[in-house]
Amino acid sequence: MSDRYTVISADCHAGADLLDYKPYLEKRHHDDFDVWAATYVNPYEDLLADTADRNWNSERRLAELEQDGIVAEVVFPNTIPPFFPSGSLMAPAPAAGELERRWAGLRAHNRWLADFCAAAPGRRAGVFQILLNDVDAAVREIEWAAGAGLKGGLMLPGTPPGSGLPELHSQVYDPIWAVCEDLGVPVNHHAGSASPPLGDEPAARAVFMVETTWFSHRALWHLVFGGAFRRHPGLKLVLTEQGSGWIPGVLDMLDYYHGRLVAAAAQAATAESRFGAGLAAGMGEPPSVVWHENCFVGASFMRPHEVPLRDRIGVDKIMWGSDYPHDEGTYPYSREGLRTAYAGVPRDEVAAMVGGNAARVYGFDLDLLAPVAARVGPTPEELAEPLERPPADATSPAFARGASVRVW
Numbered sequence: 051m052s053d054r055y056t057v058i059s060a061d062c063h064a065g066a067d068l069l070d071y072k073p074y075l076e077k078r079h080h081d082d083f084d085v086w087a088a089t090y091v092n093p094y095e096d097l098l099a100d101t102a103d104r105n106w107n108s109e110r111r112l113a114e115l116e117q118d119g120i121v122a123e124v125v126f127p128n129t130i131p132p133f134f135p136s137g138s139l140m141a142p143a144p145a146a147g148e149l150e151r152r153w154a155g156l157r158a159h160n161r162w163l164a165d166f167c168a169a170a171p172g173r174r175a176g177v178f179q180i181l182l183n184d185v186d187a188a189v190r191e192i193e194w195a196a197g198a199g200l201k202g203g204l205m206l207p208g209t210p211p212g213s214g215l216p217e218l219h220s221q222v223y224d225p226i227w228a229v230c231e232d233l234g235v236p237v238n239h240h241a242g243s244a245s246p247p248l249g250d251e252p253a254a255r256a257v258f259m260v261e262t263t264w265f266s267h268r269a270l271w272h273l274v275f276g277g278a279f280r281r282h283p284g285l286k287l288v289l290t291e292q293g294s295g296w297i298p299g300v301l302d303m304l305d306y307y308h309g310r311l312v313a314a315a316a317q318a319a320t321a322e323s324r325f326g327a328g329l330a331a332g333m334g335e336p337p338s339v340v341w342h343e344n345c346f347v348g349a350s351f352m353r354p355h356e357v358p359l360r361d362r363i364g365v366d367k368i369m370w371g372s373d374y375p376h377d378e379g380t381y382p383y384s385r386e387g388l389r390t391a392y393a394g395v396p397r398d399e400v401a402a403m404v405g406g407n408a409a410r411v412y413g414f415d416l417d418l419l420a421p422v423a424a425r426v427g428p429t430p431e432e433l434a435e436p437l438e439r440p441p442a443d444a445t446s447p448a449f450a451r452g453a454s455v456r457v458w
């Protein structure tokens, strides 16, 4: 075994500078793009700061991640795609009149991302984007992205209340699950992408913080109860930046309802049997079984109170992430964040959670990464040392005091 860990961040973010998307748009959209870009006002301070180029400056990014002990990354979107009102994670589903241009913007991002990943061979797994409004177009984009080497897989949009989209449990999305299964494409669902609009009142920000992970978790029970994993047993679902401590309790709850509904379906006509009718055959295995066969968690900066639950979650299911370049991420203190979480945890388990599982899910070549890890990776002795106090200027919740297991 190497004397240093191979650390792969399963949660990083990147995107092009706004005007740099233009060459990736089809030419028929160029004039519209020029008009749109000339009047667009970026609402995100971090994308206007001097450090914004961390999103697209390949060399700077590699250097800073290596400084942080990280050798490879899964790359989620971050900047504003053409014709979007905001970052695509948080943007509402497009209205009918916006659909063509929004699709053009996402395709431009995906093609930029393929080049960005190719600039660092074997070290980036790009997560490409689709819209759910047009399932056939989504299937075509999945096929293109898989052929273009975007190994990070699909970013599954949310279907928040009011979106007008069919819920994720609907079989209308089966062509998406089928092509992802056939091509070995992971389906990623990132926090924030499923929350409904809450308005601009100050309280809305607090409500968003409380609720956003719950809305993101919904993808799990929608796909389980909708039978997606029964019909597509090779499908892989990754829930990213949603914490991990909620998983054991939620699986217990889902198993409880699964058992009740299956049992009720075989009973005489009762109020509850009506809920179970038609579900018993469609759902398949209990949710906890589905989790351990098909699902993973991009736990980002796993925190100490979550680590004792790792056996119930599945050590082989957990993937650490730094959330670079967000200010809530662990950069430039990822080594300290790893110490905070994993001091005292057996070495083979740490190796799995900080890199081995991500390599398996996203197809990273550990042999290719080994020379980089031997140069920059943290040592087992370093991560085994408990962190007595967090860095004074750290901004990540990874170092927050008083955190406890959340109910979701």
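Residue 458, in the numbering used here, is where the sequence shown stops; the numbers in between run on with no holes.
All C-beta atoms in this analysis are idealised placements derived from N, C-alpha and C, irrespective of residue type, glycine included.
Indicate whether residue i and residue j have their beta-carbon atoms separated by less than 9 Å.
i: residue 151; j: residue 100; result: no
i: residue 455; j: residue 356; result: yes
i: residue 108; j: residue 384; result: no
i: residue 270; j: residue 345; result: yes
i: residue 173; j: residue 202; result: no
i: residue 441; j: residue 388; result: no
i: residue 208; j: residue 244; result: yes
i: residue 227; j: residue 154; result: no
i: residue 347; j: residue 294; result: yes
i: residue 392; j: residue 115; result: no
i: residue 285; j: residue 337; result: no
i: residue 282; j: residue 217; result: no
i: residue 125; j: residue 404; result: no
i: residue 262; j: residue 242; result: yes
Measure the C-alpha to C-alpha separation of residue i and residue j and round it to an integer number of angstroms.
i: residue 260; j: residue 237; result: 25 Å
i: residue 130; j: residue 137; result: 5 Å
i: residue 76; j: residue 416; result: 37 Å
i: residue 188; j: residue 437; result: 45 Å
i: residue 358; j: residue 399; result: 12 Å
i: residue 296; j: residue 368; result: 13 Å
i: residue 204; j: residue 65; result: 16 Å
i: residue 319; j: residue 264; result: 33 Å
i: residue 444; j: residue 200; result: 32 Å
i: residue 51; j: residue 342; result: Residue placement at residue 51 is flagged as unreliable, the pLDDT there being 46, under the threshold of 50; the coordinate-derived value follows with that caveat. Roughly 26 Å between the two C-alpha positions.
i: residue 67; j: residue 412; result: 26 Å
i: residue 86; j: residue 421; result: 45 Å
i: residue 112; j: residue 370; result: 18 Å
i: residue 103; j: residue 55; result: 28 Å
i: residue 165; j: residue 128; result: 16 Å
i: residue 93; j: residue 195; result: 29 Å
i: residue 449; j: residue 324; result: 47 Å
i: residue 212; j: residue 434; result: 47 Å
i: residue 280; j: residue 88; result: 48 Å
i: residue 299; j: residue 339; result: 14 Å
From the DSSP output, which residues share a beta bridge with residue i?
i: residue 290; result: 240, 348
i: residue 205; result: 179, 238
i: residue 167; result: According to DSSP, residue 167 bridges with nothing at all.
i: residue 174; result: 123
i: residue 219; result: None, per the DSSP bridge assignment.
i: residue 368; result: 347
Around the C-beta of residue i, are 16 or more other C-beta atoms found within 10 angstroms, so that it is buried, or is it exposed?
i: residue 274; result: buried
i: residue 69; result: exposed
i: residue 98; result: exposed
i: residue 251; result: exposed
i: residue 311; result: buried
i: residue 191; result: buried
i: residue 470; result: Residue 470 lies beyond the range of the chain shown here (51 to 458); nothing can be said about it.
Compute every distance between the C-beta of residue i and the non-hydrogen atoms of the ligand NAD, then say whether any falls below 8 Å.
i: residue 102; result: This structure simply doesn't include the ligand NAD, nor any ligand for that matter.
Discussion item. I'd like the ranges of any alpha helix (DSSP H) spanning at least 4 consecutive residues and lying wholly in the region 66 to 139.
Written reply: Complete alpha helix (DSSP H) runs here, min 4: 80 to 89, 108 to 117.
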